[in-house]
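Chemist: Sharing a structure below in structure tokens format, with a few things to ask.
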Amino acid sequence: MPIIYSASWVLPVTASPVRQGAVVIDGEIFCDVGPYDDIVGRYPQSAVIDLGDCVLLPGLINTHSHLELTAFRGRLEEPHFQTWIRQLIQLKSERLTPDDLLACARLGCCEALRSGITSTADTSDAAAPLDALIESGMRGVVFQETFGPDESQAEEALDSLKRKLDLHFEKISASGRDVRARLKIGVSPHAPYSVSARLFRLTAELAIDRRLDVAIHTAESIDESRLLLDGSGAFGESLRRRGIAFDPPGCSTIRYFEQLGVLETAPLLIHCVRVDESDIELLARHNARISHCPKSNAKLGHGVAPLAAFQRAGLKVGLGTDSVASNNNCDLIEEARFGSLIHRATGLNAGACTHDQMLRLMTIEGARALGLEKVTGSIESGKQADMTAIRLDRPHNSPAYDPATAVIFSSSGSDVALTMVAGRVLYDGDQVMTIDEAEVKRTIDLIRLKLAG
């Protein structure tokens, strides 16, 4: 029997807002949406769950996360990017066990669900994020990272990547239909400063052969640009100290990727701060997709990605939080608000990045960036019932004249009253239903002691 969820507002995203609206869910899917009176008239036998003064909207979609780094929140405030990355990798590898990383990923899933996020594109070299996502009930794409700046070790790195991918696919296959429907596996050659040209080519060939999505940290920093232009900068110095040869291509990251065949995979490119119009034309020609992470880019001092230019070029752009090591939280609503404000400030245009545009970036456009638009991203009949409810009765976000404005400019993840994936309530406004948060907290307290020393 279908169930009716009612609230003061419904934001389908791909249709007009509905005042005093209702959503009908039959098992895993949305089967109707409209004014409450009309819905009740069409489904007189269905139970009604009234969420009161809330707005119902599609589950939020995070196009870039690092769940296994959740315990690093606030641990590294190093202002130099290359040093920050080195310290992060060192702390993670030397002090945390696989069980620690699983606890971190579980905490990240809890934070995401409490913030209304139903889908995430997580990038990691660890097994923990996939395990945590299976357990949590969330939807998403798990990108298995590969590293290796030394050309002579490219084949070895590729073999390791293949083994890890096989383990991921075996785990998903053994986990049942529900998990296979929720989670996809992709590959992520980490970044131009950590992956050799040979390994980029091999990974792209593997992705095309196996039809895997690709995600890459791209055009993020000035030191990355310097490395590719003439081999200088902090990354160039780091490679030389390690005795690793690097032949700079003398061009932008995007043109470098074109030369290597990477753009043939229509990759999800994370950040893309340091790109120009010719780069963007190349991205559009190859149907590349963008994960826009404004808070992380700002905190690390990298700049502001040209969102308006991406949109003019017709690129698929979604919103990402990056890791909490560089953002400090996984609140996609806060990310959207910051994104809107930073683009207005830098563009001297109060009409840029409207609340409606930012709402789309964290829902349907995020789904398109991940290739999930036929499954999720909007409240439409036939789509999976991924939904969140946000309270509009708090002192800081009421009265609500327009629900999208209230969500983007006045609300935060702490206002979420319900998070649902495929018709299953994963967060009920009080607790996450699929993960033992108290046990995770106890483990994280111990991890904090490991990382603090």
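According to the working numbering, the sequence shown is numbered sequentially starting from 11. The beta carbon of each residue, even a glycine, is placed where N, CA and C say it ideally should be. As the structure is a computational prediction, the values presented were derived from the model and not from experiment.
Should T107 be labelled buried (16 or more other beta-carbon atoms within 10 Å of its own) or exposed?
Modeler: It counts as exposed.
Chemist: Just list the alpha helix (DSSP H) runs in the region 371–458, keeping only unbroken ones of 4 residues or longer that don't cross its boundaries, in chain order.
Modeler: Within the region 371–458, the complete alpha helix (DSSP H) runs of at least 4 residues are 374–379.
Chemist: So the candidates are R265, D425, D110; which of them puts its Cα closest to the Cα of L459?
Modeler: The residue with the shortest Cα to Cα distance from L459 is D110.
Chemist: Hey, would you say T80 sits closer than 7 Å to G126, going by beta carbons?
Modeler: Result no, Cβ atoms of T80 and G126 do not sit closer than 7 Å.
Chemist: Do E234 and S206 have their CB atoms nearer than 7 Å?
Modeler: Not closer than 7 Å, so no.
Chemist: What residue from Q92, H227, E145 has the CA that sits closest to Q154's CA?
Modeler: Answer by Cα proximity: H227.
Chemist: Are K393 and F348 touching if we call contact CB-CB under 7 Å?
Modeler: Contact flag unset, no.
Chemist: Going by C-alpha to C-alpha distance, which of G246, A414, S420, I400 sits closest to H406?
Modeler: For the residues G246, A414, S420, I400, the minimum Cα distance to H406 belongs to S420.
Chemist: So, for Y53: in the same chain, excluding its five sequence neighbours on each side, which residues have a beta-carbon less than 8 Å away from its beta-carbon?
Modeler: Excluding residues within five positions, the ones whose Cβ falls inside 8 Å are P12, I14, V34, D42.
Chemist: F40 to C363, Cα distance in whole Å?
Modeler: Cα to Cα, F40 sits roughly 29 Å from C363.
Chemist: Kindly indicate the opening and closing residues of the alpha helix (DSSP H) around G51.
Modeler: Run containing G51: 46–52, per the alpha helix (DSSP H) assignment.
Chemist: State the CB to CB distance for the pair P316 and V285, rounded to an integer number of angstroms; the pair is presumed to be in contact (CB under 8 Å).
Modeler: The pair is a contact, with the Cβ atoms about 7 Å apart (cut-off 8 Å).
Chemist: Helix, strand or coil for G62 per DSSP?
Modeler: DSSP places G62 in coil when its eight states are reduced to three.
Chemist: Could you check how far apart the C-beta atoms of T24 and G376 are, in whole angstroms? I think they sit under 8 Å.
Modeler: No, T24 and G376 are not in contact; Cβ-Cβ is about 13 Å, not under 8 Å.
Chemist: Reducing DSSP to helix, strand and coil, say where Q154 ends up.
Modeler: Looking at Q154 - three-state DSSP - the assignment turns out to be strand.
Chemist: What would DSSP say about L369, mapped onto helix, strand or coil?
Modeler: Of the three classes helix, strand and coil, the one that applies to L369 here is helix, per DSSP.
Chemist: Extract the residue ranges of the beta strand (DSSP E) inside the region 269–352, only unbroken runs of 3 or more that lie entirely within it.
Modeler: Segments of the beta strand (DSSP E) lying fully in the region 269–352: 278–281, 299–302, 326–329.
Chemist: From S490 to L342, what distance separates their C-alpha atoms?
Modeler: Since the first residue shown for the chain is 11 and the last is 463, residue 490 is missing from the structure and cannot be characterised.
Chemist: Is the Cβ-Cβ distance between I374 and S388 less than 7 Å?
Modeler: Cβ distance < 7 Å, so I374 and S388 count as in contact.
Chemist: Here's the rule I'm using: 16 or more other beta-carbon atoms within 10 Å means buried, otherwise exposed. How should E217 be labelled?
Modeler: The amino acid at residue 217 is misidentified as Glu; the sequence shows Ala. Flag for A217 reads buried.
Chemist: Keeping to the same chain, check which residues put their C-beta closer than 8 Å to that of L101; ignore five residues upstream and five downstream.
Modeler: Taken in chain order, the residues that qualify are F82, R85, L86, L461.
Chemist: State the DSSP-derived secondary structure class of H178, mapped to helix, strand or coil.
Modeler: Three-state DSSP puts H178 in a helix.
Chemist: Between which two residues does the beta strand (DSSP E) holding R29 run?
Modeler: Segment 28–36, the beta strand (DSSP E) holding R29.
Chemist: Am I right that L468 and I264 are in contact with their C-beta atoms under 8 Å? What's the rounded C-beta distance?
Modeler: Since the displayed the chain opens at 11 and closes at 463, residue 468 lies outside it and no answer follows.
Chemist: For L270 and P139, what's the separation of their Cα atoms in angstroms?
Modeler: Going from the Cα of L270 to the Cα of P139 covers about 29 Å.
Chemist: At the level of alpha carbons, what is the spacing between L470 and D396?
Modeler: Residue 470 is absent from the structure shown; the chain starts at 11 and stops at 463.
Chemist: Could you check what DSSP says for C261 in three-state terms: helix, strand or coil?
Modeler: Correct three-state label for C261: coil.
Chemist: Taking only three categories from DSSP, how would you classify V189?
Modeler: Residue state, collapsed to three classes: helix.
Chemist: Counting pairs of beta carbons, one from the region 165–173 and one from the region 252–264, are three or more of them closer than 8 Å?
Modeler: Segments in contact, no.
Chemist: Return the chain-ordered ranges of every beta strand (DSSP E) run that is complete within the region 116–150 and spans a minimum of 3 residues.
Modeler: 127–134, all fully within the region 116–150.
Chemist: Have a look at the DSSP bridge pairing and note the partners of W19.
Modeler: Paired residue(s): R29, V65.
Chemist: Tell me whether P159 sits in a helix, a strand or coil according to DSSP, three-state version.
Modeler: P159: coil per DSSP, three-state reduction.
Chemist: How is P202 classed by DSSP in three states: helix, strand or coil?
Modeler: Three-state DSSP puts P202 in coil, outside helix and strand.
Chemist: Could you give the first and the last residue of the continuous beta strand (DSSP E) run that contains T228?
Modeler: Its beta strand (DSSP E) spans residues 223–228.
Chemist: Could you tell me whether the region 140–152 touches the region 188–195, where touching means 3 or more Cβ pairs closer than 8 Å?
Modeler: Output reads yes: the region 188–195 touches the region 140–152.
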